[in-house]
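Letter by letter, the sequence shown follows residues 9 to 511 of my numbering. Quick reminder that beta carbons are idealized off the backbone N, C-alpha and C, glycines included. Predicted model only: the values in this text are computed from it and were never measured. A short write-up of the structure that comes next.
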Amino acid sequence: MGRIQDFLNSKIVKKDVGEETYLTWKEALSYTVGRGAQGMSTSMTASKYVNFFITDVLHISTAAASNIRLYCGIFDAINDPIMGILVDKTRTKYGKMRPYILVAPFLVSLFMILFFVGNDSLSYAAKIALTTFAFVGLDVTYTAFDVPMGALAFSMTPNGAERTKLYGIASIGRMILSAIPAALVAFAAWIPYFDENLDKAYLVSACFSAVFIIILTRFTFHNCVERYEHHEETPSVKECFRLLFSNRPLLMLFLGNIFFVLIKVPEQASFYFAYDSLFEPRYNGLLDVVKAPGSVLAGIFVPMIIEKLGAKADSKKFYQVCCILGIAFNGLYALTTYNGIMNKPADEAVSLPIGILTLAFSMLVTFPLEFKNLMQKEMEAETVDYVEWKTGKRVEGIMLSIMSFTGKLEGTLSSFICLRILSATGYIEHSDDVPTVQNHATRLGLFSMTTLLPIIGYALMLIPMIFYNITGDSHRQMVKEIKARREARGEAIGSQVNENPSI
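Here it is in structure tokens:
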């Protein structure tokens with residue numbers, strides 16, 4: 009027991025990285041399970057499963073489904089800057105972010121269950137109304153959970169290497185925990201009862217997630233520390249928005265995320281791709297399994313690479329290399345599988361060699377994707393430091409909310425693009441949860457969404473990175489100057505703000 013306690017109290021970065029370190033394993037793991045709780049929600053409610061649930065379980069048309077995702081998604085995205093401002097204006101004995109992490113998970117869980125209770129026996133108008141209402145409720149409550157959780161990492165440590173390792177650990181934990189409820193839906197085709205009652209698989213997964221979302225976030229609330237003191241006056245709404253326009257690197261990340269929409273489309277199309285292009289629903293679960301190593305390896309190797317590089321680490325160059333690899337891997341995916349997927353009879357499953365090749369490339373393309381995603385977390389934290397260095401104001405909430413805003417747009421627009429392409433190509437909804445033979449245009453649309461759109465997205469993402477003006481050296485200098493200014497004002501970065509207040 010003593011060894012476990014010693015481990016939990018030890019630092020996650022023991023190597024000298026040229027900056028002071030703060031985080032213990034207890035904090036890092038507590039933050040990780042909180043991120044895992046988020047993943048249990050988003051793995052079902054913000055991904056391909058929702059689209060398939062709406063169109064093929066509730067039997068709402070793809071055109072109507074695309075409108076629901078679009079308008080609810082836009083409303084959801086608008087919530088993020090508002091939530092960011094609220095976080096930055098919050099001053100409580102629990103800190104800025106942790107009060108929301110205490111309460112919001114209960115509301116997220118409630119609306120998630122309500123969403124997946126959606127009964128196909130209701131009238132068409134009632135199904136649309138209930139789905140829309142539950143979606144809006146999920147959007148609002150999840151934003152109140154997501155923005156503070158993301159901003160909390162920015163406040164836990166100013167050390168770039170330490171933050172990168174925290175993101176890596178959290179990425180692995182999130183991947184593992186989010187896979188648990190999603191697995192039941194993904195592998196429903198392998199279980200006779202759920203194969204015939206897919207709606208029940210969704211509901212069981214939602215209830216399971218709801219319970220653990222509440223339990224896991226208690227660890228985050230009690231054990232994570234906000235280390236940046238905030239003695240300055242709370243920024244006004246006008247000041248918050250003005251700060252956005254003074255943050256050039258954030259603007260470049262924002263533009264990159266807009267183009268990233270095209271790379272998110274394959275995720276939204278994956279369920280349909282397995283059922284209708286590969287013509288084998290069991291591939292759906294396997295596609296999820298083979299994508300898991302990307303998150304795990306990113307969580308392990310990105311922090312190792314950054315620690316190894318030390319003062320030579322540069323997040324911008326890392327990001328660019330990932331984009332180039334993404335173009336290359338997706339290009340090979342398209343070239344090697346096109347004939348086997350598109351030129352087979354539409355009512356037959358792909359051959360075993362093509363199925364294996366598809367699974368192999370589905371795994372391979374996740375490596376540059378997940379490596380880029382993890383490094384971008386550190387880049388987002390850099391933009392928070394950039395604003396404090398430039399203006400003297402530290403606004404984790406509003407800066408994180410802008411990235412969350414673009415993340416919501418990614419999910420919304422990628423879903424909209426997927427569903428609109430399916431609608432435009434004459435997609436036929438499934439009946440009795442079995443594959444339906446689709447026309448050539450629909451199958452070509454699915455193949456293009458899976459392999460070609462990511463190539464375009466990565467190429468476009470390279471453009472704003474040319475103008476991203478934070479290098480590894482400049483960021484380290486920024487942190488030193490910020491620390492000196494705070495010490496001159498009598499505020500020490502690293503002081504434990506409201507570590508364990510009683511409830």
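query                                                                                                                       : result
Span separating the alpha-carbon of Val21 from that of Ala169                                                               : 8 Å
Cβ-based burial, His438 [other Cβ within 10 Å; buried from 16]                                                              : buried
Cut-off 7 Å between Cβ atoms - residues of its own chain near Ile511, not counting five sequence neighbours on either side  : Model confidence at Ile511 stands at a pLDDT of 32, short of 50, so the residue's coordinates are unreliable and nothing is read from them.
Contact the region 320-330 vs the region 392-402: 3+ CB pairs below 8 Å                                                     : no
Neighbourhood of Cys215 by C-beta, 7 Å cutoff - its chain only, sequence neighbours within 5 removed                        : Ile121
Cβ contact (3+ pairs, closer than 8 Å) linking the region 154-163 and the region 127-136                                    : no
Anticipated Cβ contact below 8 Å, Gly465 with Leu270, distance rounded                                                      : 3 Å
Exposure of Asp147, with buried meaning 16 or more beta-carbon neighbours within 10 Å                                       : buried
Residues bridged to Glu288 [DSSP beta-bridge criterion]                                                                     : For Glu288, which the question treats as bridged, DSSP gives no partner whatsoever.
Given Leu78 as reference, the closest of Thr345, Asn59, Asp393 once Cα atoms are compared                                   : Asn59
Same chain only: Cβ atoms within 8 Å of Glu1, ignoring 5 sequence neighbours per side                                       : Outside the modelled stretch of the chain, which goes from 9 to 511, sits residue 1, for which no answer is possible.
Backbone CA spacing between Val373 and Ala300 [nearest angstrom]                                                            : 11 Å
As assigned by DSSP and simplified to three states, the class of Thr391                                                     : helix
One or two residues paired with Thr98 in a DSSP bridge                                                                      : None; Thr98 has no bridge partner.
For Phe475 and Gln13, the rounded distance between their alpha carbons                                                      : 46 Å
Length of the line joining the Cα atoms of Ser117 and Thr53                                                                 : 11 Å
Own chain, CB closer than 8 Å to Leu286, minus 5 neighbours either side, in chain order                                     : Ile349, Ala357, Val358, Gly363, Thr366
Residue environment, Glu495, which counts as buried when at least 16 other CB atoms sit within 10 Å                         : exposed
Integer-rounded CB distance, given that Leu417 should sit under 8 Å from Ser74                                              : With 8 Å as the limit, Ser74 and Leu417 do not qualify as a contact, their Cβ atoms being about 15 Å apart.
Phe153 to Ala218 span [Cα, whole Å]                                                                                         : 13 Å
Nearest-angstrom Cα separation, counted from Ala191 out to Pro185                                                           : The amino acid occupying residue 185 in the given sequence is Leu; Pro does not appear at that position. Straight-line Cα distance between these residues: approximately 10 Å.
Complete runs of the alpha helix (DSSP H) confined to the region 392-429 [at least 4 residues]                              : none
Neighbourhood of Lys34 by C-beta distance below 7 Å, restricted to the same chain and skipping five residues each side      : Leu16, Asn17, Asn231
Nonlocal neighbours in the same chain, by C-beta distance under 6 Å from Ala85, ignoring five residues either side          : Phe413, Lys416, Leu417
Cβ-based burial, Ala282 [other Cβ within 10 Å; buried from 16]                                                              : buried
C-alpha distance - Asn87 paired with Thr151, whole-angstrom precision                                                       : 7 Å
Three-state secondary structure assigned by DSSP to Glu356                                                                  : coil
Beta-carbon contacts of Asp64 that lie in its chain and below 7 Å, excluding the five residues immediately before and after : Glu437, His438
Alpha helix (DSSP H) runs wholly inside the region 27-57, at least 4 long, in chain order                                   : 33-53
Residues of its chain near Ser303, where Cβ-Cβ distance is below 8 Å and the 5 sequence neighbours each way are ignored     : Ser179, Ile180, Arg182, Met183, Thr374, Glu378
Beta-carbon proximity of Lys23 to Glu315, cut-off 7 Å                                                                       : yes
Spatial distance of Ser431 from Phe455 (CA atoms)                                                                           : 15 Å
Cβ neighbour criterion (16 or more within 10 Å) applied to Tyr394                                                           : buried
Buried or exposed (CB count within 10 angstroms, at least 16 for buried), Val111                                            : exposed
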